[in-house]
Amino acid sequence: MSIASHRGASPLRFVTGPNDDEQVQWSDTSNELEMPHQTANVIPRPLKSKQKPSILSQIVTSVKNFIFSYACLLWALMVFLFLLLSVGSSVPSIVFEQQGINTLTSVISRKVSNHVVDTVSELFWSPVRSVNTLGNALDIGLANRSDPVSLSRHVYSVHKTSWMFGDLFVALDSNNMVGHSSVSDHEGTQYLRWGESDKERMRLYKRTDNWNGDANQNKLQRQIAYPGANYDWDITKLPWHSSAKLIKGLFWYGPYLGHGDNGETAVFLSIVRPIFSPEDQKTIDGIVYLDFNTQFAQTFLETVDIGKNGRIFLCDKNGNLMLENAQKGTIWRKDEKSGEIVLQKVWEHNDDLIRVAGERMRDSEYLEGEHLRHTEQFMHKGNWLSVEYVQFNEVGLNWWVVTVVPRNDFVSVVVGYSVSITITVLLTIFVIFTGTLVIVTLHQAWREYNRRMKAKRGVQLPDHADSDFEYQQG
Numbered sequence: 034m035s036i037a038s039h040r041g042a043s044p045l046r047f048v049t050g051p052n053d054d055e056q057v058q059w060s061d062t063s064n065e066l067e068m069p070h071q072t073a074n075v076i077p078r079p080l081k082s083k084q085k086p087s088i089l090s091q092i093v094t095s096v097k098n099f100i101f102s103y104a105c106l107l108w109a110l111m112v113f114l115f116l117l118l119s120v121g122s123s124v125p126s127i128v129f130e131q132q133g134i135n136t137l138t139s140v141i142s143r144k145v146s147n148h149v150v151d152t153v154s155e156l157f158w159s160p161v162r163s164v165n166t167l168g169n170a171l172d173i174g175l176a177n178r179s180d181p182v183s184l185s186r187h188v189y190s191v192h193k194t195s196w197m198f199g200d201l202f203v204a205l206d207s208n209n210m211v212g213h214s215s216v217s218d219h220e221g222t223q224y225l226r227w228g229e230s231d232k233e234r235m236r237l238y239k240r241t242d243n244w245n246g247d248a249n250q251n252k253l254q255r256q257i258a259y260p261g262a263n264y265d266w267d268i269t270k271l272p273w274h275s276s277a278k279l280i281k282g283l284f285w286y287g288p289y290l291g292h293g294d295n296g297e298t299a300v301f302l303s304i305v306r307p308i309f310s311p312e313d314q315k316t317i318d319g320i321v322y323l324d325f326n327t328q329f330a331q332t333f334l335e336t337v338d339i340g341k342n343g344r345i346f347l348c349d350k351n352g353n354l355m356l357e358n359a360q361k362g363t364i365w366r367k368d369e370k371s372g373e374i375v376l377q378k379v380w381e382h383n384d385d386l387i388r389v390a391g392e393r394m395r396d397s398e399y400l401e402g403e404h405l406r407h408t409e410q411f412m413h414k415g416n417w418l419s420v421e422y423v424q425f426n427e428v429g430l431n432w433w434v435v436t437v438v439p440r441n442d443f444v445s446v447v448v449g450y451s452v453s454i455t456i457t458v459l460l461t462i463f464v465i466f467t468g469t470l471v472i473v474t475l476h477q478a479w480r481e482y483n484r485r486m487k488a489k490r491g492v493q494l495p496d497h498a499d500s501d502f503e504y505q506q507g
């Protein structure tokens, strides 16, 4: 019997042996399928043809290939960055040794100097405004012939707003009277002030006058002293009193050394404003005098961020140290010859950076020059320093604000920042690469598992069973 092949394929010849168990022989020499001893019903059943991949499987395959390629690219990039970091570890130091780093440190030094000048100017303007306000009020009060008690009460009201700066004095020469007003937390306080040479001392013994106290229960204390009275000081004989009559305007007196509220030795300045006679507005009838403790500005310098080893200091035109942020030495010293306590020069400071900057100021005659700003860079003990000198001419002061920025501080910060960024990038790439590799590995394991499960459930055909039909014996 002949069975036509599907799709017009060549006919097959099927021959069996004498028994049912004999091996089936395939032959293509005839168009008929012969069975000499047994007729078999052969039922043709089409094989499952190989189906084309679905769209979903194609998408999964494409995504898998993309992820694998992306993982390879990330791995190559990570290797490249690792080599760049390892081989080029000296690149930052080479780059930072160039002129660019000098410019950057100069910019930092200049910005810090400008910030310090602006802030210190505002700090010193505050007591000046208080003294001017009180002086104007006393000018008006004297013109209106106000009584001394009313004037003293006004002095007290102004002092409550300026007590943080220092003690406030009012000296009135009218009718041979010299008055003093200040706020103290207890009676009988003894004040000690040094003059320029430490020989001129002012001891002030107060007689308490119980006027209105402030919220802190401080008491206003007034002392009336007459020229020639039995006191160890005469305010009319003090240098700042004489200078006020000569200058006839607001000015700063000092610096000089004195004792602060806690008994510590500090640098003081005096803000002096004359009180003019109401008759001619030329004759000086009195003086408003405010002690200004420069330690008030010290707390500000301690908050300025200028690097780990950066230095800021203020000095007057004579090189006397006013303020500094190093806190490695005092701003005063005891003279070995005379035994007097005197102001310390910046070039005698025990802090190395302050001392070397002060020496260059002295040797380069910056203190005597007319330039308001000067910048220089130089090598000191193997480290480049960027130094900014700015003249401070505010509120009648002639000071210098000096900032010293070691370049190594800036370089170490930049290098540390660059290394941190590099490590962060490498760790990010490593995490992405590791995650991608894990995903690809799990995906391949899942596919292998599915293939094996299908193989166990399915029927395996011979390798040569490529026909579109599977023949079974019925």
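Each residue of the sequence shown is one higher than the one before, counting from 34 in my numbering. Even glycine gets a Cβ: it sits at the ideal position worked out from N, Cα and C. Nothing here was measured: the structure is a model prediction, and the numbers come from that model.
Open item on the list: Below 8 Å on the Cβ atoms is my contact criterion, and I expect L376 with I387 to pass it. Report the Cβ-Cβ distance as a whole number of Å.
Closed with: Contact flag wrong, Cβ pair sits at about 14 Å.
- [ ] Flag N483 as yes if its beta-carbon sits less than 8 Å from any beta-carbon of chain D, otherwise no.
- [x] This model lacks chain D altogether; it includes just one protein chain.
Open item on the list: Going residue by residue through the region 381-415, where are the continuous beta strand (DSSP E) segments of at least 3 residues, counting only ones entirely within it?
Closed with: For the region 381-415, the full-length beta strand (DSSP E) segments reaching 3 residues or more read 406-413 along the chain.
- [ ] Compute the beta-carbon to beta-carbon distance between G168 and I308, rounded to the nearest angstrom, for a pair I have assumed lies under 8 Å.
- [x] 6 Å between Cβ atoms; contact.
TODO: Examine the ligand COA and report whether any of its heavy atoms sits within less than 7 Å of the Cβ of P439.
DONE: Among the components of this structure there are no ligands whatsoever, and the ligand COA is therefore not found.
- [ ] Report yes or no: do the region 335-343 and the region 420-440 share at least 3 C-beta pairs separated by less than 8 Å?
- [x] By the Cβ criterion, the region 335-343 is in contact with the region 420-440, since at least three pairs of Cβ atoms, one from each stretch, lie closer than 8 Å.
Open item on the list: Check for me: the alpha helix (DSSP H) holding T332 runs from which residue to which?
Closed with: In the DSSP assignment, T332 falls within the alpha helix (DSSP H) that extends over 328-334.
Open item on the list: My output table needs one value for S371: the three-state DSSP class, helix, strand or coil.
Closed with: S371 falls in the coil class under three-state DSSP.
Task: Proximal residues to R395 (C-beta, below 7 Å), its chain only, five neighbours per side dropped - done: Shown here for R395: same chain residues with a beta carbon closer than 7 Å to its own, the five before and five after excluded, namely G352, W380 in chain order.
- [ ] Note down, in chain order, each residue of its chain lying with its Cβ closer than 6 Å to the Cβ of K489, except the 5 sequence neighbours on either side.
- [x] Counting only Cβ-Cβ distances below 6 Å, and skipping sequence neighbours, we find nothing.
Task: For S142 and H476, the rounded distance between their alpha carbons - done: Going by C-alpha positions, H476 is about 58 Å away from S142.
Task: Beta-carbon spacing of S163, T408 below 8 Å - done: Contact flag unset, no.
Open item on the list: Taking 6 Å as the limit between beta carbons, can you name the residues of its chain near V389, skipping five residues before and five after?
Closed with: Only H413 meet the Cβ criterion.
- [ ] Starting from D313, follow its DSSP beta bridges and name the residues at the other end.
- [x] DSSP output for D313 lists no bridge partner at all.
Open item on the list: Quick check: the Cα distance between I320 and V153, rounded to an integer number of angstroms?
Closed with: A straight-line Cα-Cα distance of about 25 Å links I320 and V153.
Open item on the list: Considering Cα atoms alone, identify which of W433, E357, V458, E481 is closest to K350.
Closed with: Selected option, being the one with the closest Cα: W433.
Open item on the list: On the criterion of 16 or more Cβ atoms from any shown chain inside 10 Å, does S397 qualify as buried, or is it exposed?
Closed with: A residue is called buried when at least 16 other Cβ atoms come within 10 angstroms of its Cβ; S397 does not meet this threshold and is exposed.
Task: Span separating the alpha-carbon of A299 from that of M355 - done: About 9 Å.
Task: E335 to D385 span [Cα, whole Å] - done: Each residue's Cα considered, the two are about 18 Å apart.
TODO: Would you decide whether E481 is buried or exposed? Buried here means 16 or more other CB atoms lie within 10 Å of its CB.
DONE: Exposed, by the Cβ-count rule.
Task: Option in F333, L459, V420, A170 with minimal Cα separation from Y399 - done: Of F333, L459, V420, A170, the residue nearest in Cα terms is V420.
TODO: Would you mind stating whether L418 and F411 have Cβ atoms separated by less than 8 Å?
DONE: Closer than 8 Å, so yes.
- [ ] Could you check if L460 is buried or exposed, using at least 16 other CB atoms within 10 Å of its CB as the buried criterion?
- [x] Classification for L460: exposed.
TODO: Taking all protein chains shown into account, decide if T332 is buried (16 or more other Cβ within 10 angstroms of its Cβ) or exposed.
DONE: Counting Cβ neighbours within 10 Å, T332 comes out exposed, since fewer than 16 surround it.
- [ ] Return helix, strand or coil for K378, following the three-state DSSP convention.
- [x] Of the three classes helix, strand and coil, the one that applies to K378 here is strand, per DSSP.
Task: For R344 and A359, believed in contact at Cβ under 8 Å, the rounded distance - done: Sure, about 6 Å apart at Cβ, within 8 Å.
Task: Terminal residues of the beta strand (DSSP E) in which L430 lies - done: Per DSSP, L430 is not a residue of any beta strand (DSSP E), being assigned neither H nor E.
TODO: Please classify E312: is it buried, with 16 or more other beta-carbons within 10 angstroms of its beta-carbon, or exposed?
DONE: So E312 counts as exposed.
TODO: From the DSSP output, in three-state form, read off A478 for me.
DONE: In the three-state scheme derived from DSSP, where H, G and I count as helix and E and B as strand, A478 is classed as helix.
Open item on the list: If I measure Cβ to Cβ from V150 and keep anything under 7 Å in the same chain, skipping five residues before and after, which residues do I get?
Closed with: The answer, listed in chain order, is V423, F425, V434.
Task: Sub-8 Å separation of P288 and L302 beta-carbons - done: Yes.
Task: Coarse secondary structure for D338, derived from DSSP in three states - done: In this structure, D338 counts as coil in the three-state DSSP scheme.
Task: Residues bridged to W158 [DSSP beta-bridge criterion] - done: W158 is not bridged to any residue.
TODO: With DSSP as the reference, label A277 as helix, strand or coil.
DONE: Residue state, collapsed to three classes: helix.
Task: Cβ-based burial, E155 [other Cβ within 10 Å; buried from 16] - done: E155 is classed as exposed because its beta carbon has fewer than 16 other beta carbons within 10 Å across all chains shown.
TODO: With distances taken Cα to Cα, identify the nearest neighbour of E357 among N431, T455, Q328, A478.
DONE: Here the closest residue by C-alpha is Q328.
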